[in-house]
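Asks: Take this structure first; my questions come after.
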Amino acid sequence: MKVLTVALFSCLAFASCSASGEALQNNGNQYTDTSKDSVENNHQQISPEARIKARSLYIKGITHFEMEEHERALDDLESANALHPGSSGINFALMDAHLELNDISNAIYYGEKAIEIEPDNKWSRLKLSEAFRQIGQIGKALSQLDAILEFNPNDLDILFLIASVQSNQGRYQESNETYGRILQIRGTDRSVHYQRFQNFTNLGNSQAAIAELEQIRKISPGNLNTLHTLSQFYLENAQPEQAKQVLEDALERNPRDPETLISLSDIYINEGDWESGGEILNTIVADTLVSAENKVELVQYMLSRFSYEQGNEEYYETAQSMVDTMVAENTDFGLSHALAAEFYSKIEDYNRALVHLETTTELMPDNKAAWRQRLQLLQMQSRYDETIEVGLKADESVPDDAFIQFLLGGAYFLLNDSQNAIKWLESASQMPARAALKSVILGTLGDSYASVDDWELANENYADAIRYDSENDVTLNNYAYHLAEQDKQFEEAREMAEKAISIQPENSAYLDTLGWIYFKLGEYEKAREYIESSLNTGTASASVMEHMGDVYEKLGDQEKAENWWKKALEKDDTRTHLQDKVN
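Numbering-wise (my numbering), the sequence shown opens with residue 3 and increments by one.
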């Protein structure tokens, strides 16, 4: 039931009443005198018939209000007000009805009338305070609440409301003073200490916030959330020993709580005490009563530190011990193997990573990430036949994945199986993928078409790849090189080659491509300059060496030309066409 009913029935008699704002305007100053004497005189002048009629209208108005017929409620209440002016109850009712209609100015008008008539009426002041809050006049709202306290200084409901309003307005110190009054009246209270903690936190007073948390800790010593928050505040205030004591208390209450274990181990680890930190984490990982999910959470925490601990042997030993223990205790849990694969990949032990990835995909055949990582590692190790074998299984388990089909097609391409490469890469290019991956797929598809001299489709896919990602340096280089081989679009080819070099200035293949374009343009000195830079990287292929021989031939230095052709043949004995040049 709305507060209106409570307030109205608390007024057994119509103490006083006033007309609506409009009625007052129509009747001049008829009701400007609202002193008690005036009200009492007015009350005595009302006839019994008018009083009975007003009461009836009053009750009808309440009934309409309760039925949320606010306009009809206003009509009845204003009629009652006209018959029986000077009632604080009717003024309260009019205030409440206007509030429901969001007519704040009239609500305030009637509320002020109500408290002028009956200053110690708590409900009228509460409702008027609400009206002032709705229009942002917080000072006036608080003044009404303070006035209630003048009549009843220990009213806890009002004190709580004042403290809440003060806090919401950013008046945190005042709010805490009010909460302090509540504690004096009520005694220690967890919710009050928590509100004071929040206020002190907003004030940036960490020590005071910690004091409130300690009070909460005394009230609820087993609450882990409180203990975790308290330990964090101690840490932020450079009090690690106090933080450790709090967390050790939490561990005594719940020895298997992952958050407590992680926080405590983190303190030891940050202090460089890997032995203590690792011991805590290994204890939980080895605990057969702890769920596999919680163990995974702990290991994930350890792996998240990898980038900060590179080169730290103690970290590697602790992390590896945790990973191996987790796998040994949870051999049939796919995520444990996935995390083990992640760890061994991080430390570049790819063979062990692949063992765990194989198990992961067996236990979790729909784990797309594990399939992708497994294929990447196989291809990175040039195990192309295995990449194809695993890729076909992956495509069955997680079909229509662009990345998996790309890796599968790439493996066929690297085995010079252009037909299957084109088949899988074409399929991959039709799958949804981000622009960068789409560009790589199309670029590799262009390479595949180029390998079978289908230059029209090669160029088309190269161009599409660059449209998806203009910074795809591999495709920029390959497209430029193949345009030069086709003796066409030399200027466009040169621009793409230069852009590729700007992205990777020390890439021997890119330098060679630009040099070869200049060779095709007949600018042999520039060709020599770039191809020599390619050779100076120390990673140049036999193709670059052959190109240098071709350049020197054009420059008229046959001896140097043959010398470079010999080096190319020594590096790659499949270049049998060079044998005729060096004999």
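Ideal placement from N, C-alpha and C gives every residue a C-beta, glycine not left out.
Taking only three categories from DSSP, how would you classify G586?
Replies: Missing from the structure shown is residue 586; the chain here goes from 3 to 585 and no further.
Asks: Just to confirm my understanding: we take V329, look at its own chain, exclude 5 residues before and 5 after, and list those with CB closer than 7 Å. What are they?
Replies: Against the sequence shown, residue 329 aligns to sequence position 327. Cβ within range, chain order: S338, H339, A342.
Asks: Starting from T361, follow the alpha helix (DSSP H) in both directions and report where the run begins and ends.
Replies: Taking the sequence shown and counting its residues from 1, one reaches residue 361 at position 359. That run of the alpha helix (DSSP H) goes 352-365.
Asks: Output needed for A430: all residues of its chain with C-beta closer than 7 Å, excluding positions within five of it in sequence on either side, in chain order.
Replies: The count along the sequence shown starts at 1 and reaches residue 430 at position 428. The residues are A404, Q407, F408, G411, I443.
Asks: D157 to L85, Cα distance in whole Å?
Replies: Indexing the sequence shown from 1 puts residue 157 at position 155. Indexing the sequence shown from 1 puts residue 85 at position 83. Using only the alpha carbons, I get a separation of about 36 Å.
Asks: Under 8 Å Cβ to Cβ from T231, same chain only, skipping five residues before and after it: list those, please.
Replies: In the sequence shown, the residue the question calls residue 231 occupies position 229. Result list for T231: L215, in chain order.
Asks: Scan the segment 126-181 and note each continuous alpha helix (DSSP H) run of 4 residues or more that stays entirely inside, going in chain order.
Replies: 140-153, 158-170
Asks: A570 and E555 look like a contact to me (Cβ under 8 Å); what is the Cβ gap, rounded to whole Å?
Replies: Indexing the sequence shown from 1 puts residue 570 at position 568. Indexing the sequence shown from 1 puts residue 555 at position 553. That pair is no contact at about 13 Å.
Asks: Quick check on DSSP: helix, strand or coil for F521?
Replies: For this step, residue 521 is matched to residue 519 along the sequence shown. Three-state result, F521: helix.
Asks: For N332, which option in I282, S306, S293, E508 has the closest C-alpha, if you only look at C-alpha atoms?
Replies: Here residue 332 refers to the residue found at position 330 when the sequence shown is read from its first residue. Comparing Cα-Cα distances from N332 to each of I282, S306, S293, E508, the minimum goes to S293.
Asks: If you draw a straight line from the alpha carbon of I269 to that of N284, how long is it in whole angstroms?
Replies: As a working note, residue 269 is residue 267 in the sequence shown. As a working note, residue 284 is residue 282 in the sequence shown. Looking at the two C-alpha atoms, the distance is approximately 16 Å.
Asks: Our contact map puts A467 next to N474 with C-beta atoms below 8 Å; I'd like the distance itself, whole angstroms only.
Replies: Stepping through the sequence shown from its first residue, residue 467 is reached at position 465. Stepping through the sequence shown from its first residue, residue 474 is reached at position 472. With 8 Å as the limit, A467 and N474 qualify as a contact, their Cβ atoms being about 6 Å apart.
Asks: Using a Cβ-Cβ cut-off of 7 Å (strictly less than) and excluding sequence neighbours within five positions of F235, which residues of its own chain qualify?
Replies: In the sequence shown, the residue the question calls residue 235 occupies position 233. Counting only Cβ-Cβ distances below 7 Å, and skipping sequence neighbours, we find S208, A211, I212, L215.
Asks: Spatial neighbours of E500 within its chain, please: CB distance less than 8 Å, with the 5 preceding and 5 following residues excluded, ordered by chain position.
Replies: As a working note, residue 500 is residue 498 in the sequence shown. The residues are L516.
Asks: Under DSSP, the alpha helix (DSSP H) around G551 begins and ends at which residues?
Replies: Translated into the one-based positions of the sequence shown, residue 551 becomes position 549. For G551, the enclosing alpha helix (DSSP H) begins and ends at 544-556.
Asks: Closest to A2 by C-alpha separation, out of Q217, T190, D449, would be which residue?
Replies: The structure shown does not extend to residue 2, since the chain spans only 3 to 585, so no value can be given for it.
Asks: Find the nearest neighbour of A98 within the set N170, N123, H72, judged by alpha-carbon distance.
Replies: Walking along the sequence shown from the start, residue 98 turns up at place 96. The question names Ala, but residue 98 in the sequence shown is Asp. The alpha carbon of D98 has as its nearest neighbour, out of N170, N123, H72, the alpha carbon of H72.
Asks: Check each candidate in Q560, A511, Q378, K562 and name the one with the smallest Cα separation from L537.
Replies: Taking the sequence shown and counting its residues from 1, one reaches residue 537 at position 535. Of Q560, A511, Q378, K562, the residue nearest in Cα terms is A511.
Asks: Exposed or buried, which one is L376 when buried takes at least 16 other CB atoms within 10 Å?
Replies: What you label residue 376 is simply residue 374 of the sequence shown in a count that begins at 1. Position check: residue 376 holds Arg in this sequence, whereas Leu was assumed. R376 counts as buried, since at least 16 other C-beta atoms from the protein chains shown sit within 10 angstroms of its C-beta.
Asks: Are the CB atoms of D122 and F153 within a distance shorter than 9 Å?
Replies: If you number the sequence shown from 1, residue 153 lands on position 151. If you number the sequence shown from 1, residue 122 lands on position 120. In this structure, D122 lies closer than 9 Å to F153 by Cβ.
Asks: Tell me whether I54 is buried or exposed, calling it buried when 16 or more other Cβ atoms sit within 10 Å of its Cβ.
Replies: Here the question's residue 54 lines up with position 52 in the sequence shown. Flag for I54 reads exposed.
Asks: Between E102 and I164, what straight-line distance do the alpha-carbon atoms span, to the nearest angstrom?
Replies: Counting from 1 along the sequence shown, the entry for residue 102 is found at position 100. Counting from 1 along the sequence shown, the entry for residue 164 is found at position 162. Their backbone Cα atoms lie some 23 Å apart in a straight line.
Asks: For the pair the segment 86-95 and the segment 56-68, tell me if three or more CB-CB distances fall below 8 Å.
Replies: yes
Asks: Distance check for E250 and D105, CA to CA, integer angstroms please.
Replies: For the purposes of this step, residue 105 is taken as the residue at position 103 of the sequence shown. For the purposes of this step, residue 250 is taken as the residue at position 248 of the sequence shown. Their Cα atoms are separated by approximately 58 Å.
Asks: Between the Cα of A372 and those of L417, G336, L253, spot the shortest distance and give me the residue it belongs to.
Replies: Locating residue 372 in the sequence shown gives position 370, counting from the first residue. The option with the nearest alpha carbon to A372 is G336.
Asks: Mapping the DSSP letters down to three states, classify K490 as helix, strand or coil.
Replies: Translated into the one-based positions of the sequence shown, residue 490 becomes position 488. Coil at K490, not helix or strand.
Asks: I need the boundaries of the alpha helix (DSSP H) containing Q241, first residue and last residue.
Replies: Taking the sequence shown and counting its residues from 1, one reaches residue 241 at position 239. Element bounds for Q241: n/a, residue is neither H nor E.
Asks: I need the boundaries of the alpha helix (DSSP H) containing Q312, first residue and last residue.
Replies: The sequence position of residue 312 within the sequence shown is 310, counting from 1. Careful: Q312 lies outside any alpha helix (DSSP H) and carries neither H nor E.
Asks: Could you check what DSSP says for F335 in three-state terms: helix, strand or coil?
Replies: Here residue 335 is taken as the residue at index 333 of the sequence shown, counted from 1. Of the three classes helix, strand and coil, the one that applies to F335 here is coil, per DSSP.
Asks: For D574, tell me which candidate among E561, A544, G551 has the shortest Cα-Cα distance.
Replies: Here residue 574 is taken as the residue at index 572 of the sequence shown, counted from 1. Minimum Cα distance to D574 is reached at A544.
Asks: Using the rule of at least 16 other Cβ atoms within 10 Å of the residue's Cβ for burial, across every protein chain shown, is I218 buried or exposed?
Replies: The sequence position of residue 218 within the sequence shown is 216, counting from 1. So I218 ends up on the buried side.
Asks: When the Cα of N272 is compared with those of R255, H579, D289, N314, which residue comes out closest?
Replies: Here residue 272 corresponds to residue number 270 of the sequence shown, with the count starting at 1. If we check each option's Cα against that of N272, N314 comes out closest.
Asks: Between the alpha carbons of L356 and L380, how many angstroms are there, rounded?
Replies: Along the sequence shown, one-based indexing puts residue 356 at 354. Along the sequence shown, one-based indexing puts residue 380 at 378. Roughly 8 Å separates the two Cα atoms.
Asks: Please list the terminal residues of the continuous alpha helix (DSSP H) segment that includes S293.
Replies: If you number the sequence shown from 1, residue 293 lands on position 291. Per DSSP, S293 belongs to no alpha helix (DSSP H) and is neither H nor E.
Asks: Could you give the C-beta distance for I286 and L266, rounded to a whole number, given that I count them as a contact under 8 Å?
Replies: For the purposes of this step, residue 286 is identified with residue 284 of the sequence shown, where counting begins at 1. For the purposes of this step, residue 266 is identified with residue 264 of the sequence shown, where counting begins at 1. Not quite, the Cβ-Cβ distance comes to about 11 Å (not below 8 Å), so this is no contact.
Asks: Measuring CB to CB, does V546 end up less than 9 Å from Y526?
Replies: One-based indexing of the sequence shown puts residue 546 at position 544. One-based indexing of the sequence shown puts residue 526 at position 524. Not in contact: V546 and Y526 (Cβ atoms no closer than 9 Å).
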